[in-house]
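According to the working numbering, the stretch in the sequence shown is residues 389 to 681, in order. Positions of the beta carbon are idealized from the N, C-alpha and C atoms, including for glycine. Notes to accompany the following structure.
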Amino acid sequence: MAFSLEFSRSASHSPRERRRGAILALPAVLWLGLFFVLPIVIVLAYSFMTRGQGSTVTLPLTLEHYQRTFGNVYFPVILDSVIIALLTTVVCLLVGYPLAFFIATRKNKRAQQIALFLVILPFWTNFLVRTYAWQIILGDEGTINTLLMSLNLISEPLQLLYTDGAVIVGLVYGYLPFMVLPIYTSVERFEFRLVEAGHDLGANDWHVFWRVVLPLTLPGVIAGSILVFIPAIGAFVTPALLGGTQGLMIGTLIQRQFTGTGGNFPLGSAISAVMMGLVMLSLFVQSRLSRRN
């Protein structure tokens, strides 16, 4: 019987089967190579080239654009982008974890489905339209300022729009479902009898959460944090509409280098390469944490 198992295993991995698998995977490999790998290679190549006349690139190769990227003008914008993305991730975690826990612990399945539907409902509307709605809410004559002035709590409108706070609010609103859904999946598979066991062993609610609940739901937390941090650090629409000149982030910086007659393709490519490096670093950290967990 062992011989038959080994024979069937070797037959399933015969050269003919491997060739068939390679042929079936060929369209996907070509697609990824043409529309994913090749653009990245072009961007990396541009980042080491010299800016020519207009928006052209030329030789010789140089590190000037990386020096400018890490200089006093652009590097603070990159740091601000990382800080805003981290704050967005933290706020999404603080809001999304209790929300996901609340949804997953509903015994009424219909109520659970309705709650999940409400979480993903904003995706039914265009992201740009939702961001414009926040302009109306946070504007000088918007909903919040109008309400506060009508209650005589303030005498003049507050500067809510075109601030880092407005950018964080918009990013949290846009990416909160990406935090809720992975955590919901982890909590739904959690065995709540472990909580009872912790209480029986003398642990209070706080210790049970830190020693039992959080470690076992940590995969959802890690996945949700990555799903929020990566798009937040490269966000373009939200900082442009809600932050203005005060909410300048990497995405806006890159867009300015690739558009207009005064664009600088090599510099924009260098900034893009740095952003890709930050994304790869976050994925590496996520992979290490997942393995350790």
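Practice task
Check whether the region 563-574 touches the region 496-507, taking contact to mean three or more Cβ pairs, one atom from each stretch, closer than 8 Å.
Solution key: Enough Cβ pairs lie closer than 8 Å, so yes.
Practice task
Check whether the Cβ atoms of ARG439 and PRO603 lie closer than 8 Å to each other.
Solution key: no
Handout entry: the region 430-439 contacting the region 509-520, beta-carbon criterion three pairs below 8 Å
Key = no
Practice task
State whether the region 403-410 contacts the region 606-618, with contact taken as three or more CB pairs (one from each stretch) at a distance under 8 Å.
Solution key: Two segments are said to touch when three or more pairs of C-beta atoms, one from each, lie closer than 8 Å; by this definition the region 403-410 does not touch the region 606-618.
Problem - Collapsed DSSP secondary structure at LEU671 in the structure displayed - result: The three-state reading of DSSP puts LEU671 in helix, counting H, G and I together.
Handout entry: Integer-rounded CB distance, given that ILE638 should sit under 8 Å from ILE466
Key = About 6 Å separates the Cβ atoms of ILE466 and ILE638, confirming a contact at the 8 Å cut-off.
Handout entry: Beta carbon of PHE617 nearer than 8 Å to that of ALA416
Key = Cβ distance not < 8 Å, so PHE617 and ALA416 don't count as in contact.
Handout entry: Bridge partner(s) assigned by DSSP for PRO445
Key = Note that residue 445 is Val in the sequence shown, not Pro. Answer by DSSP bridge pairing, in chain order: ARG439.
Exercise for the section: Decide if the region 550-560 is in contact with the region 522-531; the criterion is three or more beta carbon pairs, one per stretch, under 8 Å apart. Expected result: At 8 Å Cβ cutoff, the stretches touch.
Handout entry: Segment contact flag, the region 576-593 with the region 623-630, C-beta cutoff 8 Å, min 3 pairs
Key = Taking one beta carbon from each stretch, the region 576-593 and the region 623-630 have fewer than 3 pairs nearer than 8 Å; the two do not touch.
Problem - Three-state secondary structure assigned by DSSP to VAL461 - result: coil
Exercise for the section: Could you give the DSSP three-state label for PRO403: helix, strand or coil? Expected result: helix
Exercise for the section: Classify GLN547 as buried or exposed, calling it buried when 16 or more other Cβ atoms lie within 10 Å of its own Cβ. Expected result: exposed
Exercise for the section: Could you check what DSSP says for PHE424 in three-state terms: helix, strand or coil? Expected result: helix
Practice task
Mark GLY608 as exposed unless 16 or more other C-beta atoms lie within 10 angstroms of its C-beta, in which case mark it buried.
Solution key: buried
Exercise for the section: Could you tell me whether the region 452-466 touches the region 658-667, where touching means 3 or more Cβ pairs closer than 8 Å? Expected result: yes
Problem - Separation of VAL429 from HIS453, as counted between CA atoms - result: Cα atoms of HIS453 and VAL429: separation of roughly 17 Å, rounded to the nearest angstrom.
Practice task
Would you check if the distance between the CB atom of THR640 and the CB atom of ALA628 is smaller than 8 Å?
Solution key: yes
Handout entry: Closest by C-alpha distance to THR573, when choosing among VAL483, PRO448 and LEU606
Key = LEU606
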